[in-house]
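Asker:
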Amino acid sequence: MKNVAIIGSGSWGVALATHLARNGNNVRLWSFNKDERDLINNEKKCKFLPDIKIEKNIICSTNFEKVIDGADFIMHVTPSKYTRETFKQYKQYVGNKPVIICSKGFEKDTLKTLDEVLQDEMPNVRVGVLTGPSHAEEVAISIPTVMVVASKDEEILKLIQDTFMSEEMRIYTSNDVKGVELGGALKNIIAFCAGIAAGIGLGDNTFAALITRGLMEISRLGIKLGGKQETFYGLSGLGDLIVTCLSEHSRNRRAGKLIGQGKTLEEAKKEVGMVIESIDNIDVAYELGKKNDVYIPIIETVYKVIYEGLKPEEAVKDLMTRKKKEEYEEY
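All you need for the working numbering is the position in the sequence shown, starting with 1, plus 2.
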């Protein structure tokens, strides 16, 4: 049995807490919202996962020190754009405790991955990344799920693998922190594109092409940024890409679908009702591609849809009528 601190009480934080509690661990959740805290503690409910009952060994607090004190490790599950700000508020309580990043994305202003953000703030932090094809809605009700944890610290790999493994969850390990984190962040953008394709009524042929060529772009950019090629064909790359592109659980796909149906960006955000990581990171990936001279036509085209007013139907036409190429040609 472990004592686990989870920073973030959204759907993913609560789903992870639920799995860990069912595995016999004690979990303390941090929430920035007192109403959310009270709903979890008093009614044993989560507004983002209405069909589950919160386990009795899960307690929620708005106090960082109370949540982290006595924890064996910390799981960071806030939206990527709030990572630095939130970590600054609790880093004084971390000490030697491992911090496991469960968020997917970049810091927009610096173009940094989230492990780099934590290390900026606390250079000696022991860090890991947990990711893979895993919808909160399914983890929360014990549907079999397979994920990967990445770290340079072997103790962290063993700790997370031992604590999470069960009949419902299998955890693989990796030392490719950069690749695992990049796969999880970049796939959201391709899922947003899949949603646009669904919104304008395209079919299975298009989705298959988008996933395949999207994976090519993810791996091309990810390798340039320091990831290993094989990582992008594993759980954090191909696995997460498939589940996010094809499932209605995916908020990134839902947001893209609304854009394809003619909604504005603000209307899509309001209707989805939760943070949409792809929208926050499309311009980051676009800038990283330019900065590192990487050919990423799908990402460049969806950037134009969001920021330059390109119509989705025209975006498809632009991608389909580019110059002829060999399949594995870089440019």
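A virtual CB, placed ideally from N, CA and C, is assigned to each residue, including glycine.
The structure presented is a predicted model; accordingly, all values stated were derived computationally and were not measured.
Excluding the 5 residues preceding and the 5 following K49 in the sequence, name in chain order all residues of the same chain whose CB lies nearer than 8 Å to its CB.
Answerer: Numbered from its first residue, the sequence shown carries residue 49 at position 47. Correct list, in chain order: E38, L41.
Asker: Within 8 Å, do at least three Cβ pairs link the region 87 to 96 to the region 52 to 62?
Answerer: Result no; under three Cβ-Cβ pairs closer than 8 Å.
Asker: T175: which of T323, E316, I158 sits nearest, CA to CA?
Answerer: Reading the sequence shown from its first residue, position 173 is the one you call residue 175. Among T323, E316, I158, the Cα nearest to that of T175 is on I158.
Asker: Is V129 near D164, with beta carbons less than 9 Å apart?
Answerer: The residue you call residue 129 lines up with position 127 of the sequence shown. The residue you call residue 164 lines up with position 162 of the sequence shown. Not in contact: V129 and D164 (Cβ atoms no closer than 9 Å).
Asker: Using a 10 Å radius around the Cβ and a threshold of 16 neighbouring Cβ atoms, would you call E87 buried or exposed?
Answerer: As a working mapping, residue 87 is identified with position 85 in the sequence shown. E87 comes out exposed.
Asker: What beta strand (DSSP E) runs, 3 residues minimum, are completely inside the region 54 to 125?
Answerer: Segments of the beta strand (DSSP E) lying fully in the region 54 to 125: 60 to 63, 75 to 78, 101 to 103.
Asker: So, are the CB atoms of K180 and L223 less than 9 Å apart?
Answerer: Position 178 of the sequence shown, counting from 1, holds the residue named residue 180. Position 221 of the sequence shown, counting from 1, holds the residue named residue 223. For K180 and L223, no; Cβs fall outside 9 Å.
Asker: From R24 to E57, what distance separates their C-alpha atoms?
Answerer: Locating residue 24 in the sequence shown gives position 22, where the first residue counts as 1. Locating residue 57 in the sequence shown gives position 55, where the first residue counts as 1. About 7 Å.
Asker: Residue range of the beta strand (DSSP E) that A142 falls in?
Answerer: One-based indexing of the sequence shown puts residue 142 at position 140. Careful: A142 lies outside any beta strand (DSSP E) and carries neither H nor E.
Asker: Between the alpha carbons of K110 and T246, how many angstroms are there, rounded?
Answerer: Stepping through the sequence shown from its first residue, residue 110 is reached at position 108. Stepping through the sequence shown from its first residue, residue 246 is reached at position 244. Straight-line Cα distance between these residues: approximately 22 Å.
Asker: Please classify A178: is it buried, with 16 or more other beta-carbons within 10 angstroms of its beta-carbon, or exposed?
Answerer: Your numbering for residue 178 matches position 176 in the sequence shown. Before going on, a small fix: residue 178 reads as Asp here, not Ala. With 16 or more other Cβ atoms within 10 Å, it is buried.
Asker: Please classify V304: does DSSP put it in a helix, a strand, or coil?
Answerer: Position 302 of the sequence shown, counted from the first residue, corresponds to residue 304. Reduced to three states, the DSSP call for V304 is helix.
Asker: Distance check for G201 and F166, CA to CA, integer angstroms please.
Answerer: As a position in the sequence shown, residue 166 is number 164, starting the count at 1. As a position in the sequence shown, residue 201 is number 199, starting the count at 1. In a straight line, the C-alpha of F166 is about 37 Å away from that of G201.
Asker: Output yes or no for whether 9 Å exceeds the beta carbon distance between G229 and K189.
Answerer: The sequence position of residue 229 within the sequence shown is 227, counting from 1. The sequence position of residue 189 within the sequence shown is 187, counting from 1. Contact: no.
Asker: Leaving out five residues before and five after G15 in sequence, what residues of the same chain have Cβ atoms less than 7 Å from its Cβ?
Answerer: Here residue 15 refers to the residue found at position 13 when the sequence shown is read from its first residue. Excluding residues within five positions, the ones whose Cβ falls inside 7 Å are I8, L31, V79.
Asker: In angstroms, rounded to a whole number, what distance separates the CA positions of K293 and C195?
Answerer: What you label residue 293 is simply residue 291 of the sequence shown in a count that begins at 1. What you label residue 195 is simply residue 193 of the sequence shown in a count that begins at 1. The straight-line gap from Cα to Cα measures roughly 22 Å.
Asker: Please identify the residue among Y330, I301, E332 whose C-alpha is closest to the C-alpha of L321.
Answerer: Counting from one through the sequence shown, the residue named residue 321 turns up at place 319. With distances taken between Cα atoms, L321 lies closest to I301.
Asker: Identify the continuous alpha helix (DSSP H) that holds M3 and give its terminal residues.
Answerer: As a working mapping, residue 3 is identified with position 1 in the sequence shown. M3 -> no alpha helix (DSSP H), and no H or E assigned at all.
Asker: Out of curiosity, what's the CA-to-CA distance linking V141 and P135?
Answerer: Working through the sequence shown from its first residue, we reach residue 141 at position 139. Working through the sequence shown from its first residue, we reach residue 135 at position 133. Distance between the alpha carbons of V141 and P135: 10 Å.
Asker: Put Y333 into one of helix, strand or coil per three-state DSSP.
Answerer: Taking the sequence shown and counting its residues from 1, one reaches residue 333 at position 331. Residue state, collapsed to three classes: coil.
Asker: Measuring only the C-alpha atoms, how far is Y84 from S238?
Answerer: Along the sequence shown, read from residue 1 onward, the residue named residue 84 stands at position 82. Along the sequence shown, read from residue 1 onward, the residue named residue 238 stands at position 236. One C-alpha to the other measures close to 22 Å.
Asker: Run through DSSP, which three-state label would T165 get?
Answerer: By 1-based counting over the sequence shown, the position of residue 165 is 163. Correct three-state label for T165: helix.
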